[in-house]
Structure formats: C-alpha cells, structure tokens
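Protein chains: 2
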Amino acid sequence: MDRILTAEELGEKIKEISIAEFFEKNRHLLGYENPTKSLLTVVKESVDNSLDACLESRILPTIKVLVKQLTENKFRVKVEDNGPGLPPEKIPIAFGKFLVGSKFSALKQLIGTQGIGVKGAILYAQLTTGNPAKIITYYKGKKHEFVMGIDILKNEPNVISHKVEKSDKKAHGLSVDLIVEGRYVKGLQSIPTYLRYISIANPYAKIIFDSPNGKIVFERATNKLPPIPKEIKPHPYGVELGKLKRMLKLTKYKTLVSFLKNEFSRVSMQKAKQICKLAKIAQTRNPKELTHKEVEKLHKVMQMVKLKAPPTNCLSPLNKEMLISGLKREFPEGEFFDAIIRKPSVYRGNPFQVQAAIVYGENLNLNGALVLRFANHTPLLYNQGECAITKAVQGINWRNYGLSQSEGSLPNSPVVILVDFLSVWIPYTSEGKQAIAQYPEIIKEIKLALQELGRRLGSYIRKKKRIRERQLRKQLFERYIPEVAKSLAKLTEKDEKQILNKLESFVKKNEVRENELSSKNDKKA
Amino acid sequence: MDRILTAEELGEKIKEISIAEFFEKNRHLLGYENPTKSLLTVVKESVDNSLDACLESRILPTIKVLVKQLTENKFRVKVEDNGPGLPPEKIPIAFGKFLVGSKFSALKQLIGTQGIGVKGAILYAQLTTGNPAKIITYYKGKKHEFVMGIDILKNEPNVISHKVEKSDKKAHGLSVDLIVEGRYVKGLQSIPTYLRYISIANPYAKIIFDSPNGKIVFERATNKLPPIPKEIKPHPYGVELGKLKRMLKLTKYKTLVSFLKNEFSRVSMQKAKQICKLAKIAQTRNPKELTHKEVEKLHKVMQMVKLKAPPTNCLSPLNKEMLISGLKREFPEGEFFDAIIRKPSVYRGNPFQVQAAIVYGENLNLNGALVLRFANHTPLLYNQGECAITKAVQGINWRNYGLSQSEGSLPNSPVVILVDFLSVWIPYTSEGKQAIAQYPEIIKEIKLALQELGRRLGSYIRKKKRIRERQLRKQLFERYIPEVAKSLAKLTEKDEKQILNKLESFVKKNEVRENELSSKNDKKA
Chain A
3 MDRILTAEEL GEKIKEISIA EFFEKNRHLL GYENPTKSLL TVVKESVDNS LDACLESRIL
63 PTIKVLVKQL TENKFRVKVE DNGPGLPPEK IPIAFGKFLV GSKFSALKQL IGTQGIGVKG
123 AILYAQLTTG NPAKIITYYK GKKHEFVMGI DILKNEPNVI SHKVEKSDKK AHGLSVDLIV
183 EGRYVKGLQS IPTYLRYISI ANPYAKIIFD SPNGKIVFER ATNKLPPIPK EIKPHPYGVE
243 LGKLKRMLKL TKYKTLVSFL KNEFSRVSMQ KAKQICKLAK IAQTRNPKEL THKEVEKLHK
303 VMQMVKLKAP PTNCLSPLNK EMLISGLKRE FPEGEFFDAI IRKPSVYRGN PFQVQAAIVY
363 GENLNLNGAL VLRFANHTPL LYNQGECAIT KAVQGINWRN YGLSQSEGSL PNSPVVILVD
423 FLSVWIPYTS EGKQAIAQYP EIIKEIKLAL QELGRRLGSY IRKKKRIRER QLRKQLFERY
483 IPEVAKSLAK LTEKDEKQIL NKLESFVKKN EVRENELSSK NDKKA
Chain B
3 MDRILTAEEL GEKIKEISIA EFFEKNRHLL GYENPTKSLL TVVKESVDNS LDACLESRIL
63 PTIKVLVKQL TENKFRVKVE DNGPGLPPEK IPIAFGKFLV GSKFSALKQL IGTQGIGVKG
123 AILYAQLTTG NPAKIITYYK GKKHEFVMGI DILKNEPNVI SHKVEKSDKK AHGLSVDLIV
183 EGRYVKGLQS IPTYLRYISI ANPYAKIIFD SPNGKIVFER ATNKLPPIPK EIKPHPYGVE
243 LGKLKRMLKL TKYKTLVSFL KNEFSRVSMQ KAKQICKLAK IAQTRNPKEL THKEVEKLHK
303 VMQMVKLKAP PTNCLSPLNK EMLISGLKRE FPEGEFFDAI IRKPSVYRGN PFQVQAAIVY
363 GENLNLNGAL VLRFANHTPL LYNQGECAIT KAVQGINWRN YGLSQSEGSL PNSPVVILVD
423 FLSVWIPYTS EGKQAIAQYP EIIKEIKLAL QELGRRLGSY IRKKKRIRER QLRKQLFERY
483 IPEVAKSLAK LTEKDEKQIL NKLESFVKKN EVRENELSSK NDKKA
C-alpha cells in the first residue's frame with residue numbers, strides 16, 4: 003500500500019461504495035456532527051415525516067415524542083403519529099434503504115424531499131449504539147412491528163424480525179423507536195425549542211412531548227388544516243437542457259407539440275405551436291428523434307417565449323389567523339400581534355411564498371429580537387448567520403418603526419420576528435437543511451413582508467407612546483388640581499369644591515379630544 | 003394526485019432514485035449553484051484529481067488547464083495531466099458512476115475522498131449544455147478516447163464512443179474535456195486565483211493555464227515531492243460501535259486477540275490481551291460470535307485503555323523551504339517570509355497537522371490581511387466566515403506583533419497569512435468542501451502556529467522600525483555636521499576639516515555599536 007502506484011494499481015483500487023457507507027462516513031452532512039445536534043436531528047427527521055404523512059392524508063396530526071435518558075450519553079427516542087401508516091411490505095425499503103422515498107420528484111410543498119431523512123437517524127442509531135430500529139405501523143386491523151437496521155455495505159434493509167398482532171380495526175399511524183448517542187440540552191437549539199416552533203408554524207398539530215424533565219403538551223391552536231398542496235408540472239423557464247433532453251427521450255407523447263403541452267405547466271396548445279415555430283421544428287416531429295442542435299434551439303426558445311408564471315396551488319400557506327393563534331399561545335406576554343401572507347412569487351422557475359409574523363411586548367422575556375426561521379413550516383435552528391431570512395431582517399431599518407437597532411444587526415427591542423419560506427424546492431445551503439441560500443429574489447420578498455409588518459408595529463408603538471405621555475401629563479396635572487383649586491378659591495373667593503370639579507371635568511374632556519386626534523393621525527399613517 | 007392519500011397510495015409512491023438523480027437535483031450541494039462558482043468547481047475537481055494521481059505515483063505534476071469561452075455563458079474546460087492515467091476498462095465507472103472511487107476508505111492524506119468530485123462536473127456539463135465528456139488516457143502505447151456521460155436514472159456510465167489509436171510507448175496521463183455553462187471572473191474567488199494558490203501549496207506542480215485572457219504559467223518552485231503519505235489502520239479511539247460490529251463480522255482473523263492486533267493501529271499483542279482481559283472476553287473467541295453486550299463492553303474498554311496516538315506518516319506536509327519558495331514566487335514584493343510546520347496532533351482519533359506561513363511587505367498590494375486557506379494542499383475560496391482557519395486568525399491579538407487590527411477582526415496591515423490543514427479526514431462544513439468545521443483542538447493548533455510566526459514577524463517589524471529611526475537621526479545629524487564643524491573650528495581655532503572627519507567617524511562608530519546592540523536585543527526577544 004505504501005509503494006508508488008501504477009495505473010493498474012490505481013485502477014485496482016477503484017471500488018463502488020454504497021450511499022449508506024458514504025453517509026455513515028459523512029454523517030455530519032446529515033446533521034450528526036455532535037451529540038447535541040444529533041439528538042435534535044433524530045427527533046426532527048421523524049417529526050417532519052409524521053407531519054408530511056398526516057398532511058398528505060388530511061389528518062389533524064397528533065404526534066407523541068418520547069426522549070428518555072438511558073445512560074449519561076444514551077437516549078431512547080420514539081416518535082409516534084396518527085397518520086395513515088404504510089403498507090407493511092413497504093416498511094423495509096422506506097426505512098432501510100437510502101434514496102428511496104415518495105417525495106423526491108414531486109413538485110409540491112413538502113417538508114421532506116430527499117429520501118434520506120429518517121434513514122439517517124436509523125444509521126446514526128446503529129452506528130453509535132449498535133441498536134436496530136423498531137418500526138410499528140397499524141394497517142387493516144393489524145399491528146406490524148419491524149425490528150430492523152440498514153446493511154451499510156449494500157444500502158439494503160436488514161430486517162431482524164417482523165411480528166404481526168391483531169389490533170383495533172380503525173387504528174392507524176406509525177412509530178419509530180431508536181436508541182442513540184446524544185446530549186439533551188435546553189435553550190435556543192434544543193428539542194423543546196424545536197417542538198415549540200413546530201407547533202407555532204403548524205398550529206393544527208398537537209404535540210405531546212415526554213421529555214427527560216417531564217411532560218410538555220403543545221395543544222392544537224386550530225382545527226383547520228392548511229390548503230392541500232397540488233403537484234405541478236415543471237415550468238419551461240426552470241428546466242435545464244440536460245433535463246429537457248431526458249424528458250424528450252422518456253415521454254409517452256408522439257409529437258413535439260403534445261409533449262410541450264402535456265409535460266409542462268403554463269403551455270397551452272397555442273403556446274406549444276408558437277414554441278415549435280420559433281424553434282423551426284415541425285410540430286409533428288417525434289420528441290425522441292430530435293437532434294442535439296434541435297434540442298438546444300428548443301431549449302433557448304422555451305426560455306424566451308412569454309408564459310404565465312408557474313401555478314402556486316402547489317404551496318400551502320397558513321392564513322393570518324392561524325399564524326397568530328400559534329404565536330398568541332406561545333407568547334402570552336405579547337401586546338401586539340400581526341401577520342402577513344404575501345402573494346406567491348417565482349425564483350429560477352420555482353414558485354415560492356413568504357409568510358411572516360411579528361410579536362411585540364415590553365414584558366416578553368427577550369434580550370433583543372428573536373428571529374424564528376422556517377422553511378415549509380419546519381423550524382431552522384442552526385446556521386442563522388448564512389440564512390436569507392437573517393440577511394433580510396438585518397437589512398431593514400427597524401428604527402423607522404420605533405425599535406432600537408445598530409445598523410446591519412438584528413433589532414435590540416423585545417420583538418419576535420417569524421418568517422416561513424414556502425416553496426416546492428427550498429434551496430438549502432447544505433443537506434443539514436438549516437439555512438436558506440441568499441437568492442436576491444427571496445431576500446427581497448422577505449423584506450417586503452417584514453417592512454409591511456414593521457409599519458403596522460411602528461404605528462402601534464407611536465400610539466402607545468402618545469398614550470403614555472398623555473397619562474403622565476394627566477397624572478401630573480391631577481396631582482396639582484387640589485392645590486390649584488385651593489389657591490383659585492382663595493383668589494376668586496369661590497367655592498373650592500366647585501372649582502375642583504370644573505378642573506377635573508376639563509382634564510377628562512381634553513383626554514377625549516386627544517384620543518380622537520390620535521386615532522385620526524393613526525389613520526393617516 | 004391532488005386527492006387525499008391513503009396508506010396504499012403513499013406506499014405506491016415510494017420509489018428508489020439514483021444517487022446521480024439526487025445530485026442532479028441538488029447540484030448546489032456539490033458547488034454548482036451559480037455560473038461563476040460552477041466554472042471554478044469544474045476546474046477544481048479535475049485539477050484535484052490530477053494532483054492526487056501524480057502524487058500517488060510520485061510523478062512531478064505538470065497540469066494543463068484550458069478554459070475557452072464558446073458563447074456568452076458556455077465554456078470549454080479541459081484539464082490534462084502527466085499522471086499514470088488509468089487502465090481503459092476502468093474509465094467508464096471512474097467517470098460515469100457516482101460513489102465509485104479509489105480513495106473512499108483510505109486513511110491517508112488525499113485531496114479527493116468521496117468518489118463524487120469529477121463526476122459532478124460531468125453531470126453538470128450534461129445538464130447545462132447537454133454535451134458528453136471527452137476522456138483521454140494513454141496506456142501501454144495506446145491512446146484511448148472515450149466520449150461519455152452518465153445515465154442519470156440508473157447512475158451508470160453511458161459510453162457513446164471509445165476510439166483507440168497508437169501512441170508513444172512512454173506517453174502517460176489523462177485528460178478531461180467538458181463543455182459547461184459558466185461565467186469567467188477575476189478576483190479572489192476565481193479560477194486564476196485558485197490555480198495561483200494551488201501552485202503556492204503544491205510548489206512541485208507546474209500549471210499551464212490557457213485562460214480566456216491569454217496564457218499564464220505557474221512554474222515549479224521546487225523539484226522535490228513531499229513525503230508519500232502512508233495508509234494507516236483505524237485507531238481504537240476513533241472507531242464507533244456500529245463500525246466495530248461490522249469489522250468483527252467481516253474480519254478474516256479467527257480470534258479476538260488477533261483481530262485487535264491486526265485490524266487496528268497502535269494495538270500490540272500485549273495491548274490486545276489487555277483489552278480482552280478488561281472486557282472479560284476470552285482472547286480466543288471468534289470475533290464473529292460476540293454478542294451485542296460483549297461488543298458494547300469491548301468498545302468501552304477500547305476507548306479507555308492507554309494507547310499511543312495514531313501514527314502520522316499518513317500525512318504529507320511540505321517542508322519550510324518548499325512553502326516559502328512558492329510564496330516568494332507569488333509575492334515578490336514581500337520583505338519578510340517565514341513558515342512553520344507544527345508537529346502532528348489528533349482530534350476525534352484522526353491525526354492532523356498544521357502548516358502555516360506569513361509574508362509581510364509594505365509594498366504588497368493589499369488592503370489589509372490576505373488569508374490563504376488550504377485543506378490537504380487544496381485552496382478553500384468560499385465560506386471564509388465559517389472556517390476554523392478564519393476563526394483562529396481573528397482570535398489572535400496581532401497588535402502584539404506590530405500589526406494594526408480591530409479586535410476580533412483580521413489584521414489591517416499588508417500581510418499574507420497562509421494556513422494549510424492536513425488530515426486523513428477533513429471535517430468540511432459541507433460537501434462543497436470550502437470550510438473546515440470549528441473543532442476546538444483544530445483552532446488551538448492553528449493559533450499556536452500563527453502566534454509563533456507572529457512573534458518572529460513582530461521582531462522583524464520592531465527591528466525595521468529601529469533602523470528607520472536611526473537613519474533619520476543620522477541623516478539629521480549629518481546635515482548639521484558641516485555647520486557644527488565650522489562653529490567648532492572657530493571656537494577652538496582648530497582645522498575645520500579635521501573636526502569634520504572626527505565627527506563623521508564618530509557617527510559611523512555609533513552606528514556600528516547600535517547595530518550590535520539591536521542584534522543582541524533581537525536575540526533576547
């Protein structure tokens with residue numbers, strides 16, 4: 003091994019490795035770089051899956067999370083949902099084989115996408131404690147319990163046992179039960195914080211957390227589910243040349259014009275004909291037989307022709323009330339709550355939408371602003387510095403809205419700023435899925451949302467300040483009224499009590515007038 | 003698709019996707035998120051491979067890089083080396099299948115490790131311009147030319163043609179030729195900068211760059227190759243439980259004691275016996291038959307027993323002169339050059355080593371410090387902010403060493419700070435491989451290296467300041483000598499010329515004495 007290598011020897015060493023082996027060695031890429039973050043990631047991956055499954059089946063999610071300390075650095079993590087479960091024959095590959103998933107090519111808003119998530123957690127359990135996973139699903143009146151792991155060298159499920167029992171006919175749901183190495187902490191990057199944030203952005207979910215320090219229940223703040231996201235076809239503006247080539251090869255349509263009309267969104271028959279004409283390719287040509295030059299021409303024309311923006315019913319925003327209801331429950335000390343759901347917009351051909359909310363309150367127990375970042379309703383707890391959301395918050399002059407702030411920083415006032423970025427494809431800065439890449443179109447949309455909320459907050463803060471000043475003036479005046487009345491009585495030789503009453507009624511009248519004025523001003527602002 | 007999904011329907015949607023498809027969709031994870039960075043990544047992946055191949059075969063690398071602009075955003079990139087090449091039958095899988103590579107499990111210092119790099123570039127070419135790659139290798143007197151791409155849906159090579167011609171018997175080497183979308187820029191995050199830095203940290207390499215703006219040649223600064231890194235076995239301290247379980251299952255050794263002695267580094271027969279004894283498992287037990295409980299016990303004991311640190315001949319540092327020679331060539335305006343190669347150290351069971359260098363010069367054309375970050379001799383150009391190297395530079399008080407600096411920032415003086423982090427396993431913060439994770443042990447070692455260099459630079463800067471002050475004094479005095487001599491001549495009625503000579507010789511003597519004094523001081527410092 004230590005000698006100089008020849009071409010043959012270099013060739014000899016070339017081997018295929020499995021994706022499971024790759025992730026085992028590079029587990030930090032999946033969020034398993036230290037015991038604290040790893041324990042959080044294990045919980046997160048299972049909860050994300052549970053939420054997606056419930057939402058796809060229109061079930062109000064009830065998710066039970068157990069984190070139990072077994073030894074100093076060994077924990078049992080069990081996540082149990084009331085989703086539809088999975089047919090038992092699908093369990094082994096869904097949990098024991100990387101790059102197997104239901105969501106990879108779906109162009110619709112989901113939390114999971116990669117076919118990696120929960121398998122990473124099972125791999126991590128197996129690697130650090132040597133324990134297999136226990137997966138339970140309820141299916142057609144039976145309870146199926148799998149004890150299984152992953153054959154790392156083959157990237158194949160390794161099923162150790164499969165037990166079947168009778169169960170209630172109506173039982174449904176799935177649970178994942180793991181033993182992992184970890185460290186349990188409190189604070190901003192912890193499991194309780196993650197679950198708390200999940201329940202804010204998913205107020206229709208009930209989460210019961212059985213923590214090492216006792217039970218915490220995050221109640222449902224609403225019984226309404228958000229709209230169901232629809233799957234869309236790719237938009238011509240977003241498609242890359244190589245992808246187009248493959249689509250042409252694999253299509254079932256026999257003519258170019260029907261290929262264009264049926265495989266893309268926003269391409270009508272008329273538009274399809276226009277594209278063919280501009281590309282100088284006959285409409286009736288077999289898509290499979292286009293030359294490289296023709297595909298190049300077609301691709302160019304597809305980027306140029308005028309088309310409607312992609313449809314946005316692939317997204318599933320909350321409504322304003324749902325967003326606020328979650329925040330009110332979590333920040334009862336807040337005085338001011340507001341939220342905004344922006345209209346959908348587009349970057350690189352992908353539809354996206356920003357929803358944002360703000361909570362302000364002098365009694366909020368905060369040192370400066372707390373920024374809650376979300377992507378498709380799931381909280382981002384790490385890598386705040388490199389995230390488009392942070393960039394947008396820092397880029398706003400919050401002093402305009404009555405908050406204190408050093409330029410380019412987060413505001414210093416007691417305020418909660420929530421941003422939830424929704425898209426069919428979240429451009430995460432890494433697979434750890436903890437920050438959104440800084441595309442200018444994305445930052446701009448987030449800023450517009452926050453500036454609108456800032457203006458509304460600003461007018462609240464100004465009004466509050468005016469009321470406070472007035473009250474101070476009034477208190478001051480009231481304190482002196484008896485003195486003044488006494489003096490005036492002496493001077494005018496009139497009844498002291500009468501004077502006192504007059505002065506008091508004057509103060510009251512003035513108050514009413516000021517209130518009227520200030521509400522007029524607010525309307526102007 | 004838009005209806006509510008049942009468990010069956012959810013199950014139906016579960017599909018396997020290929021790793022190639024995964025990376026096609028997530029190409030930003032490999033460094034292909036925008037045209038500028040993508041063009042750099044294409045060059046980088048090929049050059050990294052060429053360097054590794056040459057070093058493994060002990061060939062002084064000569065690498066030709068061509069970047070040719072074809073249209074506004076289309077470039078041809080060709081990288082050609084004088085390495086050993088590859089046997090032609092290995093070309094398809096080495097370039098057309100992800101997760102195939104020669105370096106994945108080797109515990110030695112190499113640039114590539116993942117079996118992903120250059121395939122990412124081929125995928126990117128295919129996706130953005132639809133063009134296949136052209137790979138040429140010289141092998142046993144024949145020239146083999148492959149035109150090929152990747153079958154994305156299968157993650158299999160897609161060979162379009164394979165031509166064989168006669169060639170010079172002694173010809174060797176390999177070239178990769180691609181057509182990709184990109185943007186060519188200058189500046190700190192550009193291809194010329196990347197190649198310049200490569201040539202600094204690999205001064206034994208000659209790089210000929212045929213750029214869109216003309217030819218640039220980075221000459222070899224030395225003909226000496228660094229020591230050949232040796233492959234080591236895993237150290238007991240670094241091994242995880244799941245990995246240990248697998249090693250026990252797969253070993254060819256028949257007894258536990260021989261397994262321990264032969265599959266790990268730093269485990270002597272005596273230590274192996276000690277481990278068995280402490281774990282209360284018979285030495286002669288068949289490794290394949292250990293129970294889970296026994297493996298747990300064994301793993302615990304392996305972490306506790308006292309063992310030598312891992313061997314470090316798996317690393318391949320430069321020597322001080324090699325490092326400085328590259329910097330002298332690139333920064334001819336520098337006045338002060340110094341370098342340090344630290345002793346190897348260990349983090350998470352992985353050996354690592356820091357080499358660092360510093361260049362100072364008032365005529366260096368720099369606005370403040372320029373930090374050159376390297377990992378295993380390869381430059382890191384992105385994500386400077388999150389890198390352990392940046393953290394270490396910022397954590398040093400450079401004012402102690404005569405430089406200007408605001409606290410917690412990079413120094414403001416004209417100085418080049420180079421840090422090269424060598425390890426069998428670089429903990430990159432993401433697959434983009436652009437920043438080193440901030441492990442405390444790593445930051446500490448880098449700081450120690452830089453503080454030593456800082457002290458040496460500080461004494462140079464102090465000395466330079468003294469010399470300058472002295473010269474100013476001398477100049478001032480010399481200007482007055484004729485005047486003084488004239489006045490003294492008048493006063494003493496002696497010969498003016500004689501007095502002048504005496505005064506001048508006095509100045510000279512004083513200068514010699516000062517020099518002696520200052521060099522003594524330097525030695526003390």
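Chains as they are written, first to last, in this note's numbering: chain A, 3 to 527; chain B, 3 to 527.
By construction, the Cβ of each residue, glycine as well, lies at the ideal position given by its N, Cα and C atoms.
Just so we're clear, the structure is a prediction, and the values are computed from it rather than from any experiment.
| Query | Result |
| --- | --- |
| Cβ pair LEU125 of chain A, ILE152 of chain A closer than 9 Å | yes |
| N- and C-terminal bounds of the alpha helix (DSSP H) containing PRO94 of chain A | 93–98 |
| Counterpart residues of ASP340 of chain A in DSSP-defined beta bridges | A:ILE360 |
| Interface partners of ALA123 of chain A on chain B, CB under 9 Å | None at all; the shortest Cβ gap to chain B is about 13 Å. |
| Meets three-Cβ-pair contact criterion under 8 Å: the region 366–373 of chain A and the region 411–430 of chain A | yes |
| Chain B within 9 Å of ASN75 of chain A, Cβ atoms only | no |
| Span of the beta strand (DSSP E) around PHE266 of chain B | First-last for PHE266 of chain B: undefined, no H or E at that position. |
| 8 Å Cβ cut-off: residues of chain B touching THR8 of chain A | SER59 and PRO86 |
| Inter-residue Cα distance where the pair is THR139 of chain B and ASP212 of chain B | 21 Å |
| Pairwise C-alpha distance: ARG475 of chain A and LYS510 of chain A | 12 Å |
| Anticipated Cβ contact below 8 Å, PRO231 of chain A with LEU317 of chain A, distance rounded | 6 Å |
| THR494 of chain B versus GLN477 of chain B: straight-line alpha-carbon distance, rounded | 25 Å |
| Neighbouring residues, chain B, relative to GLY117 of chain A (Cβ below 7 Å) | ILE19 |
| Range covered by the beta strand (DSSP E) that runs through GLU35 of chain B | Premise fails: GLU35 of chain B is in no beta strand (DSSP E) and is neither H nor E. |
| Counterpart residues of LYS103 of chain A in DSSP-defined beta bridges | With the sequence shown as reference, residue 103 of chain A is identified as Gly, and Lys is not the correct amino acid for it. B:LYS17, per the DSSP bridge assignment. |
| Own chain, CB closer than 6 Å to ILE445 of chain A, minus 5 neighbours either side, in chain order | ALA390, LYS393 and ALA394 |
| Separation of MET304 of chain A from ILE277 of chain A, as counted between CA atoms | 7 Å |
| The region 406–414 of chain B contacting the region 354–361 of chain B, beta-carbon criterion three pairs below 8 Å | no |
| The region 140–155 of chain B: positions lying closer than 8 Å to chain A by Cβ | TYR141, ILE154 and LEU155 |
| LYS99 of chain A at chain B interface by Cβ criterion, 9 Å | yes |
| GLY13 of chain B at chain A interface by Cβ criterion, 9 Å | yes |
| Residue burial classification, HIS294 of chain B (beta-carbon count within 10 angstroms, cutoff 16) | exposed |
| PRO381 of chain B (DSSP reduced to helix, strand or coil) | strand |
| Where the region 416–447 of chain A meets chain B: residues whose CB sits under 9 Å from a CB there | TRP427, PRO429, TYR430, THR431, SER432, GLU433, GLY434 and ALA439 |
| Contact set for LEU258 of chain A: own chain, Cβ-Cβ below 7 Å, skip 5 residues either direction | CYS278, ILE283, GLN285, ARG287 and PRO289 |
| Contacts that LYS245 of chain A makes with chain B (C-beta to C-beta distance below 7 Å) | LEU129 |
| Limits of the beta strand (DSSP E) - the one that HIS301 of chain B falls within | First-last for HIS301 of chain B: 294–306, but that is the alpha helix (DSSP H), not the beta strand (DSSP E). |
| Residue of A:GLU298, A:SER425, A:ASN414 and A:LYS275 minimising C-alpha distance to TYR349 of chain A | A:SER425 |
| Range of the contiguous beta strand (DSSP E) that encloses GLY151 of chain A | 144–153 |
| LYS226 of chain A: CB within 8 Å of a non-hydrogen atom of the ligand HEM | Only the bare structure without any ligand can be found here, which leaves the ligand HEM out of the picture. |
| Proximal residues of chain B, C-beta to C-beta of PRO89 of chain A below 8 Å | ALA9, GLU10 and GLY13 |
| Partners in chain A for ARG350 of chain B, counting only beta-carbon separations shorter than 7 Å | Residues of chain A passing the Cβ test: none, with the nearest at roughly 10 Å. |
| Range covered by the beta strand (DSSP E) that runs through ALA207 of chain A | Neither: ALA207 of chain A is in no beta strand (DSSP E) and is coded neither H nor E. |
| Below-9 Å beta-carbon distance, ARG240 of chain B vs any chain A residue | In the sequence under discussion, the amino acid at residue 240 of chain B is Gly, which differs from the Arg named in the question. Not one chain A Cβ lies under 9 Å of GLY240 of chain B. |
| Pairwise C-alpha distance: PHE97 of chain B and THR131 of chain B | 18 Å |
| Under 7 Å by beta carbon: chain A residues contacting ALA451 of chain B | Those do not exist, as ALA451 of chain B stays about 24 Å from chain A at its closest Cβ, beyond 7 Å. |
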